[in-house]
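I have placed the structure first, in the form of C-alpha cells, so that the comments after it can refer back to it.
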Amino acid sequence: MRQRDTWLVLVVLAIGLLALPFMTDALLGRGWVRILDFTLLYIMLALGLNIVVGYAGLLDLGYIAFFAVGAYCYALLGSPQLGLHFPFWVILPLSALLACLFGVLLGAPTLRLRGDYLAIVTLGFGEIIRIFLNNLNSPINITNGPQGIGMIDPIHLGSFSLGSTHELFGLTLPPVHLHYYLFLFFTLLVIFVSLRLEGSRIGRAWMAIREDEIAAKAMGINTRNIKLLAFAMGATFGGLAGGLFAGFQGFVSPESFGLAESITVLCMVVLGGMGNISGVLLGCLLLVVLPEVLRHGSGPAQQLLFGRSFVDPESLRMLLFGLALIVVMLWRPAGLWPSRQHRSELTAKDNLTKSSRDDRT
Amino acid sequence: MMTSAKPHAPLLELSDIGKSFGGLSALSDISLHIRRGEIYGLIGPNGAGKTTLFNILTGLYRADGGRFTFDNTEYGGHCKSHTLARAGIARTFQNIRLFSNMTALENVMVGRHLRTRSGIWGALTRNAATRAEERETLQRARELLSYVGINRPHQTLAKNLSYGEQRRLEIARALATDPKLIALDEPVAGMNSTETDSLKKLLRDIRAGGTTVLIIEHDVKLILSLCDRVAVLDQGKKIAEDTPDQIKCNSAVISAYFGIEPAAYEQNSTKLPTARLPDQANHDHP
Amino acid sequence: MDTFFQQIINGLVQGSVYAMVALGYTMVYGILGLINFAHGEVVMVGAMVALSVIQLSISYGLPPILALLIGLMVSIAACMALGYSIERVAYRPLRKAPRLAPLITAIGVSMVLQTLAMIIWGREYHAFPSLLPNGSHILFGAIITEVQILIILVALAMMGGLLLLVHRTRLGRAMRAVAEDPSIATLMGVNTNSVISTTFMLGSALAATAGVMISANYGIAHYYMGSVLGLKAFTAAVLGGIGNMYGAMVGGLLLGLIESLGAGYIGDLSGGFLGSHYQDVFSFFVLISVLIFRPSGLLGERVAERS
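In order, the protein sequence lines correspond to chains R, C and W.
Residue numbering for the first sequence follows this note's numbering, beginning at 122 and increasing consecutively.
Residue numbering for the second sequence follows this note's numbering, beginning at 1304 and increasing consecutively.
Residue numbering for the third sequence follows this note's numbering, beginning at 1101 and increasing consecutively.
This is the structure we're talking about:
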C-alpha cells in the first residue's frame, strides 16, 4: 500500500518536472524557463557545497572557484579561443575532474588545520582564481582577461545540438527547454549521489567529523583523507555545474565568479538547512526566485514607501542574503527545513519525557 | 613487527613516556605494563597526568620521549590516532564526546568505520558487498546498544540521552571498533551508586568477553574493588603500581593523596577512604 | 638600487597598516579563538566615515589638519561602536555554538556592512583629500612622503600604546587572564563579557586608524577595500603566529615587505610573464606556505587542542 503511494508520488513528480518548462513558458514567459535552468545549476552547486559544509562541517568560502575552473575548462576546450573543439562528452568530465584536482590540491595542505583556516584559505583561493582569470591574457592570451571567452560551442549530444530549436514528438523545444532537460538529468544525478553518500559509511564519517573531530579520530577515522574526499566531491559537483554553465551561456568572464556568488551558494545551503538535501533544494528555489521578485518589485515598492528608489535590487539582494545568514544562524541554525535528525529530535524529546515519567513511577 | 601473540606477554607496555607542555612537565618517564585480560586502574590526584597519558596512547598528543609496545608492535612517541585505533586501542572521554546530532545507533555505527571497507563506489552502487556490510554494521550496532543497556529507541539523538546513557553509548561506540584494549576516562563521573554498580558489572562483562580494560577514576573505592592492578600517578610520575590490597597501604600513595605522613594517617584510619563522597555524585546531568 | 630602497619604504608603510589590522585579528583570536571575518570591513567603514567627516569639515572651512583629526576621531568612535555591536549581535549569542556558526554569521556581517557601504557611499572610488603637506624626503635614493612618515609614526605609537595597555594595566591583565582561560578568569572575578567587548573595541579602533592611513596613503577609498585588506592582514597575523601580538606586528611588516619587493621584482623574476597586478597573489602564497610548513607562525607556540 505504502509502496504504491510512493510510486504514485514519484510518477506525479516526474510528470510535473517534465511538463514544468512548458507550463512556465506558457504562464510566465520564456525568461522564466531560463531562470529555471539557472535554478538547476544552482542546485547542483549548492548540493556540492552541502557535502563540504553540511555533511563534513567544513566552511568553504571560495566554492565558486571550482565552478569557475569547470566553466573555463569547458570554455577553453570548446571555443575559438584556443581553437579547440572537443565533444561535450569529453569536455564535461574533464571539467569536473579538473575542479576535483584543484580541490585536492587546495585541500591537501589545509585540511589538517583547524576549520577557520580552511575558510580563509578558500576565501583567498576564490580571489586568486579570479585574479588569474582576469590577468592571464598577456603575454600569452589564455583566458582573454576581463573580456571573457565568448562563442563557446553549444552543447552537442552526438549531432543533436542543444543550441537550436528542435521539433520532437510534435513539440517545439527551444534551447532553454532542451537545456532544462539536460540539467534536470544532471541535477537528479547529483541528488542521487548525495542521497547515496548521505546514508553510507563515508557519509557517517563526514558527519562524525562535523560533530566532533577528536572523537572521530579516536574512532579510527582517518579524518584528513575523509575530509579531503568531501572537499573533492564538492569540487567535482562545482566543476560539473561550471561546465554546463559555460555550454549553456556560450560566454564566460571572471565577473561571474566573485565572492558574492560563493556567498549566494552558501546562503542557499544555510538558509534551507545544512546537511539536508530537501532543505538545500528549498534554499535554492527561494534564493533564485527572491532576486527576480526584487528585480521587479523592489523599485515600485520603494517608490510607494519612500517616494523614490534608492537601493538597486542587486544591492538589496546582497543585503538580504547577509541578513539571512545572521538571522538563520542566530535563531534557526538548522535552517528552514531541518534535517531528519533535527526533526527526530522532537520525537526524541517526547521519548525523554515519557521515559523519565516511567522512571518516577 | 611480530604478530603472533605470546599468551603471557603484556598487551601494552610503556617505557619512559614523557610529555611536557611549554616547559611544564606533565608526564616524566612513565613505564608500566598491562597484561591481557586484566582490568587496570590508573589513579592519582587532579593534574597527575592521567588524561595526558590517555591522549598519548590514542595518538591525540605526541610524546616527547619514550615508546610503547601494544600487542607486540612497537610505537614511537607519536602515532596517528587512526593507526592506534586500528591496532586495537579504543577510548572514551572524560567530558563525553559523542556525535551529538547523530542518533545513538549512528554513533555506534561510526565505531564500525574502522572494521568496514566500503568507499565511494560502494556507496553509489550499493553493490552486494556494501549491502552485506551495512547489514552487518547495523546488526552489530544494535547488539552493542542493548549490550551496554541502552533501551531507548535507537533513533534517539545522542544529545537527548540521559547522562548515564551517554556514558554507556560512548562505551558501546568504543566497543564497536573491536578493541583489544578499551581505555575509559572517568566512566562513572557524575553517576549515582546504582548507575555505578551496573557500570561496574558492564566492565566486568567486557573483560570476561576478552577485552582488556584500562580505567582512570577518581572514585578510589570503585578502582580498588574492580581492578586487578592499579598504578598511581602523582605530578606526572608513577609512584606505585600494584594490586589494590598493596596499594591501600602504600605510604607514597597515602602521602600523595593527603599530603601527610603515613604514620599520622594511620592513627586516624586504617583504610584509604573514597576520594568522592557518595552524595557528591548527583543523579543526572552535572 | 633605489628601486630596492623604494620598495623597502613602500613595504614598511604598507606593512605597518597590515600590522595594525592584524592586531585586531590576533587579539580577538587570542581571547575567543575565533577569526573575526568582519574585521576587514571595519577598516573599510573607518576609511569611509573618516572620508565623509573630513569632507564635511572642510566644507565648513576647517583647516585640513583639524579636519583630519576630527575625521580620525569620529571614525575611531564609530568603529568602536561597530566592533562592539558586531560582537554583541553576531558572536556573543553563539559563544557555545559549534564553530561553524560564528563563522557564518561573520560572513553575514561582512556582507551587510559591505552592501550598506555601497548603498551609502556608492560604487565609485572616492578621492581621499590630501590634507597633509605634500612634502617628501629623499632617503637612500628613495622618496618617502611626509604622509608615509606620519603613517609609520602613528602606527608605532598606537602599537606601543597597545602593548603598554596589555602589559601594564588592570584591563590588560584581565585580557590576558581571559585569553588564558575564560571560565577561570570569570571565577577570579573578571567580567569576561566586558573584557571581550573591550578587545573588540580596541581592535576596531586600530582598524579605523589603519583605514584612514591607507586611504591617506593611496588617496582613495572604496566600499570594496576591506575584504582584500582583511585577507592580507589575516595572513600577516598567521605569519607572525596568530594569537601573539608581537607576531602580528612582525608578520605585518614582513608581509608588507614581501609584497612590495615581490611586486617590484616579479616581472624580472618571471621573465616578464607575470606583471605587478599579481601583487595580491603573494600574500595568498605566503599564507598557504605558512600553513603548510609552520602553521603556528613565526612567533607562535604549538598549542595542542584540548581533549
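Glycine included, C-beta positions come from ideal geometry on N, C-alpha and C.
Boundaries of the alpha helix (DSSP H) in which residue i is found, first to last residue
i: Ala1329/C; result: That residue, Ala1329/C, is in no alpha helix (DSSP H); its beta strand (DSSP E) goes Leu1327 to Ile1337.
i: Ile330/R; result: Arg322 to Glu332
i: Val1413/C; result: Ala1407 to Gly1414
i: Thr1515/C; result: It is not in any alpha helix (DSSP H) - Thr1515/C instead sits in the beta strand (DSSP E) that spans Thr1515 to Ile1519.
i: Asp1500/C; result: Ser1496 to Ala1511
Exposed unless 16 or more other CB atoms sit within 10 angstroms - verdict on residue i
i: Leu203/R; result: exposed
i: Glu1280/W; result: exposed
i: Met272/R; result: exposed
i: His1416/C; result: buried
i: His1322/W; result: buried
i: Ala1277/W; result: buried
i: Tyr193/R; result: buried
i: Ser1294/W; result: exposed
i: Val1143/W; result: buried
i: Asp274/R; result: buried
i: Thr1361/C; result: buried
Residue i - DSSP class collapsed to helix/strand/coil
i: Ser1175/W; result: helix
i: Lys338/R; result: helix
i: Met1304/C; result: Because the pLDDT at Met1304/C is just 41, under 50, the model does not fix this residue reliably, and the point stays unresolved.
i: Gly1344/C; result: strand
i: Tyr193/R; result: helix
i: Phe1371/C; result: strand
i: Gly199/R; result: strand
i: Glu1187/W; result: helix
i: Ser1323/C; result: strand
i: Leu303/R; result: helix
i: Ala177/R; result: coil
i: Val1295/W; result: helix
i: Asp1522/C; result: coil
i: His417/R; result: helix
i: Asp1488/C; result: strand
i: Leu1399/W; result: coil
Other residues of its chain near residue i: CB distance less than 6 Å, five sequence neighbours each side excluded
i: Leu244/R; result: Leu182 and Gly183
i: Leu1487/C; result: Thr1395 and Ile1518
i: Phe246/R; result: Gly183, Ala186 and Leu227
Spatial neighbours of residue i in its chain, beta-carbon cut-off 8 Å, leaving aside the 5 residues before and after
i: Leu408/R; result: Tyr163, Thr385, Cys388, Met389, Leu392 and Phe442
i: Ile342/R; result: Ala326, Ala329 and Ile330
i: Ile1526/C; result: Gly1344, Ile1346, Ile1518, Glu1520, Val1533 and Pro1547
Any chain W beta carbon closer than 9 Å to residue i
i: Ser399/R; result: no
i: Asn256/R; result: yes
i: Val409/R; result: no
is_contact[residue i, chain R] using C-beta, thresh 9 Å
i: Ile1423/C; result: yes
i: Ala1190/W; result: yes
i: Glu1439/C; result: no
i: Val1413/C; result: yes
i: Ala1181/W; result: no
i: Arg1394/W; result: no
i: Pro1198/W; result: yes
Any chain C beta carbon closer than 9 Å to residue i
i: Ile312/R; result: no
i: Asn171/R; result: no
i: Ser436/R; result: no
i: Arg453/R; result: no
i: Val133/R; result: no
The beta strand (DSSP E) enclosing residue i, as first and last residue numbers
i: Arg1532/C; result: Arg1532 to Asp1537
i: Ala1150/W; result: No beta strand (DSSP E) contains Ala1150/W, which is instead part of the alpha helix (DSSP H) from His1139 to Ser1159.
i: Glu288/R; result: His287 to Leu289
i: Thr1286/W; result: Note, Thr1286/W: premise wrong, no beta strand (DSSP E); alpha helix (DSSP H) at Pro1282 to Leu1287.
Spatial neighbours of residue i in its chain, beta-carbon cut-off 7 Å, leaving aside the 5 residues before and after
i: Phe223/R; result: Phe187, Val190 and Ala356
i: Leu1250/W; result: Leu1232
i: His1457/C; result: Thr1406, Ala1407, Leu1408, Arg1445 and Leu1448
i: Thr231/R; result: Tyr238, Leu239 and Val242
i: Glu1187/W; result: Ile1296, Ser1297 and Phe1300
Any C-beta of chain B under 9 Å from that of residue i
i: Ser1449/C; result: As a matter of chain content, chain B is missing from the structure shown, whose protein chains are R, C and W.
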